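Q: Residue numbers for the sequence shown follow our numbering, beginning at -7 and rising by one.
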Amino acid sequence: GLTLIAKNWQQPKVGELDLIMLETGSAWSTLVFIEVRQRQRSGFGGAALSVTASKQRKVIKTAQYFLQQHPEYEDYDCRFDVIAYDTVSNHIKLSGQNIENQPQWLKGAFIADT
């Protein structure tokens, strides 16, 4: 499962991490940095595509600062996820369920170069 470590964690003049979660597995635990994006219009691409290479670098750099300030997590594997919400103007029903604002969770959406 996932346990919340921090939300909206900020490193001044560097960036912000929307969610920092700890995922506990059977063999090891992983620190998960989650970028949450929402878009009302997809004319320039959806919410997931709004996490550009520049934004990815900023998230990674901010995560590095987090790890420096929290050495208790330095030996954990890290993963970068994106949760994307694309808001639609029309209510769309699929199998009787309203799928408006359904999140798309992209696990391991990008990686940090070592």
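Every residue gets a Cβ at the ideal spot worked out from N, C-alpha and C, and that includes glycine.
Here the structure is a predicted model, which means the values were calculated and not measured.
So who's on the other strand from residue 8, going by DSSP bridges?
A: Position 16 of the sequence shown holds residue 8. DSSP lists 2 as partners of residue 8.
Q: Relative to the C-alpha of residue 1, which candidate in 65, 24, 58 and 14 has its C-alpha closest?
A: Here residue 1 refers to the residue found at position 9 of the sequence shown. Of the listed residues, the one whose Cα sits closest to residue 1 is 58.
Q: Any idea what DSSP makes of residue 65, helix, strand or coil?
A: Taking the first residue of the sequence shown as 1, we reach residue 65 at position 73. In the structure shown, residue 65 sits in a helix (DSSP, three-state: H, G or I).
Q: Please report how far the alpha carbon of residue 7 lies from the alpha carbon of residue 54, in whole angstroms.
A: Residue mapping note: residue 7 aligns to position 15 of the sequence shown, counting from 1. Residue mapping note: residue 54 aligns to position 62 of the sequence shown, counting from 1. If I take the Cα positions, the gap works out to 6 Å.
Q: Taking the CB atoms as reference points, tell me whether residue 15 and residue -6 lie closer together than 9 Å.
A: Position 23 of the sequence shown, counted from the start, is the residue given in the question as residue 15. Position 2 of the sequence shown, counted from the start, is the residue given in the question as residue -6. Yes, they are a contact pair.
Q: Work out the CA separation of residue 11 and residue 62 for me, nearest whole Å.
A: Along the sequence shown, one-based indexing puts residue 62 at 70. Along the sequence shown, one-based indexing puts residue 11 at 19. Cα to Cα, the separation comes out at about 15 Å.
Q: Find the nearest neighbour of residue 74 within the set 64, 68, 103 and 60, judged by alpha-carbon distance.
A: Locating residue 74 in the sequence shown gives position 82, counting from the first residue. Comparing Cα-Cα distances from residue 74 to each of 64, 68, 103 and 60, the minimum goes to 103.
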